[in-house]
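Going by the numbering used here, the residue at position 117 of the sequence shown is 138; the numbering climbs one at a time, nothing skipped. Structure record follows, encoded as structure tokens.
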Amino acid sequence: MVVGEGRGRMAFERERDDMVSRQLEARGIRDARVLDAMRQVPRHRFVTSELAEHAHDDTPLPIGERQTISQPYMVALMSEALDLHGEAPRVLEVGTGSGYQAAVLATMGASVLTIERIPALASRARAVLADLELDERVRVLDGDGTLGWPDEAPYDGIVITAGAPQIPRPLLAQLALGGSLVLPMGEQDVQTLVRLRRGPQGLVEDYLGECRFVKLRGAYGWSEP
């Protein structure tokens with residue numbers, strides 16, 4: 022079954038517009054690039070056909086493998102917090118998941134390298150991104166994202182889309198001067214969204230509110246179950 026079968030494109034577009042208005046703008050998201058990207062990217066393509074009608078709900082949704090696609094507001098908040106500048110800023114994403122966050126960043130103009138530890142999710146994300154013709158701006162790699170990808174560092178922005186018990190030190194070493202690292206960090210069941218900016222005098226931390234993500238797994242994440 023084709024995702025969204027039985028529902029027209031216009032219906033999904035109206036739902037995205039409503040999502041942006043009610044969930045993002047109403048909560049203070051102001052970056053026009055973020056708002057425009059989330060109006061454009063067809064979120065329903067990143068969930069199963071059974072959940073397509075709920076794709077724009079104000080909640081995370083399961084995508085299989087005990088993982089989720091993040092709540093729209095959280096995707097917008099993390100995208101805005103990266104504070105990307107310039108033409109084609111380079112972004113490293115840890116935790117591809119469905120591929121939706123990467124698609125939003127790419128639609129904002131970023132060049133995205135995203136790492137996924139679960140092969141089935143990485144393969145599915147590649148297929149959706151290619152179908153949406155975003156594969157030239159997004160590369161999906163298999164591996165432990167907590168180690169980053171030093172061969173192509175430094176990055177203008179790094180975003181971690183799973184809850185971390187600590188800041189993965191390899192990622193700090195791969196962050197460019199003037200860049201931002203955004204991640205949920207804290208306990209297993211609840212975290213704080215943290216932004217670290219690398220300035221001339223060192224790192225500056227900002228705290229952006231409480232959040233809840235699935236666990237970050239890997240060498241600098243939570244131990245495997």
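Heads up, the beta-carbon is just placed ideally off N, CA and C, and yes, glycines get one too.
Helix, strand or coil at residue i [DSSP, three-state]
i, result
"residue 128", "helix"
"residue 105", "coil"
"residue 72", "helix"
"residue 245", "coil"
"residue 56", "helix"
"residue 98", "helix"
"residue 35", "helix"
"residue 66", "helix"
"residue 48", "helix"
"residue 41", "helix"
"residue 30", "helix"
Residues bridged to residue i [DSSP beta-bridge criterion]
i, result
"residue 90", "82"
"residue 112", "133, 178"
"residue 225", "218"
"residue 238", "243"
Check: residue i C-beta below 7 Å from any heavy atom of the ligand ZN
i, result
"residue 43", "As for the ligand ZN, it is missing from this structure, which has no ligand bound."
Nearest-angstrom beta carbon gap, residue j and residue i [assumed within contact, 8 Å]
i, j, result
"residue 102", "residue 233", "Residue 102 to residue 233, Cβ: 17 Å. No contact."
"residue 118", "residue 182", "6 Å"
"residue 211", "residue 226", "In fact, because the Cβ distance is near 18 Å, the residues do not count as touching under 8 Å."
"residue 192", "residue 162", "Contact doesn't hold; Cβ gap of about 15 Å is too wide."
"residue 93", "residue 56", "Going by Cβ atoms, the distance from residue 93 to residue 56 rounds to 11 Å, so no, they are not a contact pair."
"residue 121", "residue 62", "7 Å"
"residue 54", "residue 130", "7 Å"
"residue 138", "residue 169", "Their Cβ separation, rounded to whole angstroms, is 13 Å, which puts residue 138 and residue 169 out of contact at 8 Å."
"residue 113", "residue 195", "7 Å"
"residue 116", "residue 237", "7 Å"
Min CB distance residue i to chain B below 8 Å
i, result
"residue 47", "This model lacks chain B altogether, as it is built from one protein chain only."
Could you tell me which whole alpha helix (DSSP H) segments of length 4 or greater appear in the stretch 142-216?
190-194
Three or more C-beta pairs under 8 Å: does that hold for the stretch 184-197 against the stretch 131-145?
no
For the stretch 145-157 and the stretch 196-209, state whether three or more C-beta atom pairs, one from each stretch, are separated by less than 8 Å.
no
Indicate whether the contact test is met: 3 or more Cβ pairs, each with one atom in the stretch 84-91 and one in the stretch 164-178, closer than 8 Å.
no
Three CB pairs or more closer than 8 Å across the stretch 123-133 and the stretch 156-165
Counting Cβ pairs under 8 Å, three or more are found: they touch.
Should the stretch 68-77 be called in touch with the stretch 95-109, which here means at least 3 C-beta pairs below 8 Å?
no
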